[in-house]
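Enquirer:
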Amino acid sequence: MSRPSRIASSLLICLAMGCGLPTRDDIDMAQTVTDMAQAVQELQGSQQDLQDRIDSLTTVVLRQDSVLRSMANLMGAPLPPR
6 MSRPSRIASS LLICLAMGCG LPTRDDIDMA QTVTDMAQAV QELQGSQQDL
56 QDRIDSLTTV VLRQDSVLRS MANLMGAPLP PR
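Going by the numbering used here, the letters in the sequence shown line up with residues 6 to 87, in that order.
1) Checking 8 Å against the spacing of the C-beta atoms, do L67 and R74 come in under that value?
2) Helix, strand or coil, according to DSSP, for L62 in the structure here?
3) In the structure shown, what three-state DSSP assignment does P27 receive?
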């Protein structure tokens with residue numbers, strides 16, 4: 006048998022072995038990976054919700070700070086710098 010034909014037959018054997026039916030362990034592993042991907046997506050959604058709340062609260066605090074600074078300016082009261 007020549008070298009190229011040995012390489013080709015080795016590749017065919019490897020491919021045939023890899024194309025077998027999935028075992029129970031393969032199915033369990035696939036399910037675990039799918040569950041983990043869903044958990045990561047849920048975490049990303051939760052993180053986005055938290056970021057939206059932080060942004061909203063930051064806007065409220067900045068607005069209140071502006072109102073307080075305006076009131077202090079009208080009264081002539083000194084405020085510390087930002």
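C-beta atoms are modelled at their ideal positions from N, C-alpha and C, and glycine is treated no differently.
Please read all numbers here as calculations on a predicted model, not as lab measurements.
Expert: Inspection of the coordinates gives the following:
1) Note that the C-beta distance between L67 and R74 is not below 8 Å.
2) In this structure, L62 counts as helix in the three-state DSSP scheme.
3) In this structure, P27 counts as coil in the three-state DSSP scheme.
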